[in-house]
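Here is the structure we will look at, set down as structure tokens.
Chains as they are written, first to last, in UniProt numbering: chain P, 1 to 266; chain V, 1 to 198.
Given below as structure tokens:
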């Protein structure tokens, strides 16, 4: 078939079957949907990164000496598995979407890695600094009970008063040197006795502060704390406007004091 | 043949022709004149279909090109874009048939084989016909994407950027694939007792 015949055949088919070019907007819609989905997935990736940093930074290292477990077991128990999995999923979705945009295939590996991983990681760091990690972790724990029990999430570990672990928010302080009322993450109210011995060195308690405690359950709704630590050390929401609790190390004297306190309940 | 004369086609760039086609579809004939032979050859190189079937595929490729004219990004080379459409169409056609695309030995012409042999620094006194025979054989033994890269680079004579746009892979990956394809060809040729300079 010569060129003219072939061209005629193609054009006749176009005419006879009323074939028209697809409108320009339909391609724009696909293009922008891919970019929007990619950017949205990258934002979710940055949130997942924030949660990873937040949970690793607040991995209970400050109470490790009181837990009585090996370093390896401790590290394994504090890895934020759920957020690592979520980060991988969001990374995959971001990569897929950006690669399928009009020019996505042109990026070489390094600049591509910078775009789809570097930016969300930097953004995740910023979110962590301004307390987004704390806010998301707290909101999920309050509104999604299943979240509290996911591997690597801290809430379930501190919801075992029978085993001596309790956490929550201080509602009111009855006696600044002896007791306060606490609402745990499941909404149950507790009267917490601590006295001078319950506070970690240099620590004070105040209303609306979230705390973790190691001690013993001494009544139906009563808990005696041997040690009281803030719930968040790093990346607390409103950290730039509120009090910064700072890092604490456990001194030998405190270790002995807590051991004595705990042994009294045995 | 309609009102578009071939001389008008020759004066216009690809991009001009696309703009004109969107106003008057008869200008699409110019695009067809310009790419029919090249694309037919390419389709026959990456498939094992007979001429008639290759022409049917080509017709579908042109129809697809016409339907997607508004998707053409003018920052790209039109040639790369229409080759990409042809390639994707062949791949999806083979997917439907559940078979892998196979190149057809007869479509590897001697001048392209000489081009490849020159690039690979094949040394010594090798009979041209025999060398061509060996090259056809080893190219057909290459796996995807190396075979496809060899066809685009040495038979279609595409630049790295064009191959990147046709296959939708980064330029760095094109370079890597070409290097690996050549390494595989060197090894296979050496097994055929043909000396090459690596």
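Note that beta-carbon positions come from the ideal geometry of N, C-alpha and C, so glycine has one too.
Bear in mind the structure is a predicted one, so any value in this text is a computation, not a measurement.
Open item on the list: Mapping the DSSP letters down to three states, classify residue 219 of chain P as helix, strand or coil.
Closed with: Position 219 of the first chain, counted from the start, is the residue given in the question as residue 219 of chain P. Three-state result, residue 219 of chain P: strand.
TODO: Could you check how far apart the C-beta atoms of residue 138 of chain V and residue 76 of chain V are, in whole angstroms? I think they sit under 8 Å.
DONE: As a working note, residue 138 of chain V is residue 138 in the second chain. As a working note, residue 76 of chain V is residue 76 in the second chain. Between residue 76 of chain V and residue 138 of chain V the Cβ distance is about 33 Å, and since that is not below 8 Å, they are no contact.
- [ ] Quick one: residues in its chain with C-beta nearer than 6 Å to the C-beta of residue 166 of chain P, no 5 flanking neighbours on either side, listed in chain order?
- [x] Working through the first chain from its first residue, we reach residue 166 of chain P at position 166. Setting aside the 5 residues that flank it on each side, residue 166 of chain P is surrounded in the same chain by 213, 223, each with a C-beta closer than 6 Å to its C-beta; the list follows chain order.
- [ ] Give the straight-line distance between the Cα atoms of residue 175 of chain V and residue 7 of chain P, rounded to the nearest whole angstrom.
- [x] Counted from its first residue, the second chain places residue 175 of chain V at position 175. Counted from its first residue, the first chain places residue 7 of chain P at position 7. Their Cα atoms are separated by approximately 36 Å.
- [ ] Assuming residue 86 of chain V and residue 61 of chain V form a contact by the criterion Cβ under 8 Å, report the distance between their Cβ atoms to the nearest whole angstrom.
- [x] Locating residue 86 of chain V in the second chain gives position 86, counting from the first residue. Locating residue 61 of chain V in the second chain gives position 61, counting from the first residue. Rounded, the Cβ-Cβ distance is 5 Å, consistent with contact.
Task: Cβ-based neighbour list, residue 152 of chain V, same chain, cut-off 6 Å, excluding 5 preceding and 5 following - done: Taking the second chain and counting its residues from 1, the one referred to as residue 152 of chain V is at position 152. Closer than 6 Å at the Cβ level, and outside the excluded window around residue 152 of chain V, lie 158, 163.
Task: Validate contact between the region 82 to 98 of chain P and the region 30 to 45 of chain P using beta carbons, cut 8 Å, 3 pairs - done: Taking a cut-off of 8 Å for Cβ pairs, the region 82 to 98 of chain P and the region 30 to 45 of chain P touch, as three or more such pairs fall below it.
Open item on the list: Distance check for residue 146 of chain V and residue 39 of chain V, CA to CA, integer angstroms please.
Closed with: On the second chain, residue 39 of chain V is found 39 positions in, with the first residue counted as 1. On the second chain, residue 146 of chain V is found 146 positions in, with the first residue counted as 1. Straight-line spacing of the CA atoms in residue 39 of chain V and residue 146 of chain V works out to 20 Å.
Open item on the list: Below 7 Å on C-beta distance, what does residue 70 of chain V contact in chain P?
Closed with: Within the second chain, residue 70 of chain V is the residue found at index 70, counting from 1. Result: 21, 22, 23, 24, 27.
- [ ] Evaluate residue 142 of chain V with the Cβ neighbour count: other Cβ atoms within 10 Å of its Cβ, from every protein chain shown; 16 or more gives buried, anything less gives exposed.
- [x] For the purposes of this step, residue 142 of chain V is taken as residue 142 along the second chain, with counting starting at 1. Buried, by the Cβ-count rule.
TODO: Quick one: list the residues of chain V neighbouring residue 97 of chain P, beta-carbon separation under 7 Å, in chain order.
DONE: Numbered from 1 along the first chain, position 97 holds the residue referred to as residue 97 of chain P. Neighbours of residue 97 of chain P on chain V: none; closest Cβ ~15 Å, over 7 Å.
Task: Coarse secondary structure for residue 251 of chain P, derived from DSSP in three states - done: Here residue 251 of chain P refers to the residue found at position 251 when the first chain is read from its first residue. Judged by DSSP in its simplified three-state form, residue 251 of chain P adopts coil rather than helix or strand.
Task: Sub-8 Å separation of residue 42 of chain P and residue 135 of chain P beta-carbons - done: Your numbering for residue 42 of chain P matches position 42 in the first chain. Your numbering for residue 135 of chain P matches position 135 in the first chain. No, they are not a contact pair.
Open item on the list: Taking DSSP's pairing of strands, which residues face residue 225 of chain P in a bridge?
Closed with: Here residue 225 of chain P corresponds to residue number 225 of the first chain, with the count starting at 1. Beta-bridge annotation (DSSP): residue 225 of chain P is paired with P:215.
Task: Contact under 8 Å by Cβ, residue 231 of chain P with residue 205 of chain P - done: Within the first chain, residue 231 of chain P is the residue found at index 231, counting from 1. Within the first chain, residue 205 of chain P is the residue found at index 205, counting from 1. Contact flag unset, no.
TODO: Could you say which of P:137, P:61, P:56, P:226 lies nearest to residue 185 of chain P if we only look at CA atoms?
DONE: For the purposes of this step, residue 185 of chain P is identified with residue 185 of the first chain, where counting begins at 1. Closest option to residue 185 of chain P, Cα to Cα, is P:137.
- [ ] Using a Cβ-Cβ cut-off of 8 Å, state whether residue 105 of chain P counts as contacting chain V.
- [x] Locating residue 105 of chain P in the first chain gives position 105, counting from the first residue. Yes, contact with chain V.
Open item on the list: Between the alpha carbons of residue 134 of chain V and residue 186 of chain V, how many angstroms are there, rounded?
Closed with: By 1-based counting over the second chain, the position of residue 134 of chain V is 134. By 1-based counting over the second chain, the position of residue 186 of chain V is 186. Taking the straight line from one Cα to the other gives about 11 Å.
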